[in-house]
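Only one structure is covered here, and it is reproduced in the block below.
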Amino acid sequence: MNSWREWLWIALAGAFGACARVGLSLFVHQHFGNALAWGTMSVNVLGSFAFGVIVQIGLSSNWLPDELRLALTMGFLGAFTTFSTFSYETYRYAESGLWCSALANMMGNLVPGLLAVWLGLVLGRWIVAWGS
0 MNSWREWLWI ALAGAFGACA RVGLSLFVHQ HFGNALAWGT MSVNVLGSFA
50 FGVIVQIGLS SNWLPDELRL ALTMGFLGAF TTFSTFSYET YRYAESGLWC
100 SALANMMGNL VPGLLAVWLG LVLGRWIVAW GS
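So the sequence shown is numbered by numbering that gives the first Met the number 0: it starts at 0 and just counts up by one.
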């Protein structure tokens with residue numbers, strides 16, 4: 000990213016991506032309930048699909064200027080879901096035959112992520128208890 004314009008496009012697209020995430024999540028929860036995190040799953044799957052489409056178009060054609068591709072992937076989809084990047088990176092490892100790297104990427108994101116959420120919850124409870 001070489002110019003302030005790229006940063007601006009990414010920031011603007013990110014704002015729209017965040018709004019789209021909230022909107023889609025609310026829509027899905029209203030229509031399918033809260034028994035599972037259907038909204039989050041929908042956002043993650045749709046974001047992964049969109050990331051794949053945009054990256055492939057960017058790799059295979061000159062249809063998307065670099066600024067637009069960055070705004071869509073890093074900005075919009077970055078705010079919509081970071082899971083799309085995780086999915087794409089894992090897919091690239093597997094596609095290259097680097098199955099151990101693909102598995103390590105999955106486990107290296109999911110297991111520490113779950114542990115980090117748990118530790119964050121513990122710390123948050125401690126902070127609230129300490130401040131009360």
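Cβ coordinates follow ideal geometry from the N, Cα and C atoms, glycine included.
- In this model, Leu7 and Ala14 are separated by some 11 Å (Cα to Cα).
- The DSSP-derived three-state label of Thr80 is coil.
- When rounded, the separation of the alpha-carbon atoms in Cys99 and Ala93 is 8 Å.
- Every alpha helix (DSSP H) stretch that sits fully inside the stretch 27-112 and reaches 4 residues is listed by chain position as 37-59, 65-69, 82-94.
- Between Phe75 and Ser47, the CB-CB gap reaches or exceeds 9 Å.
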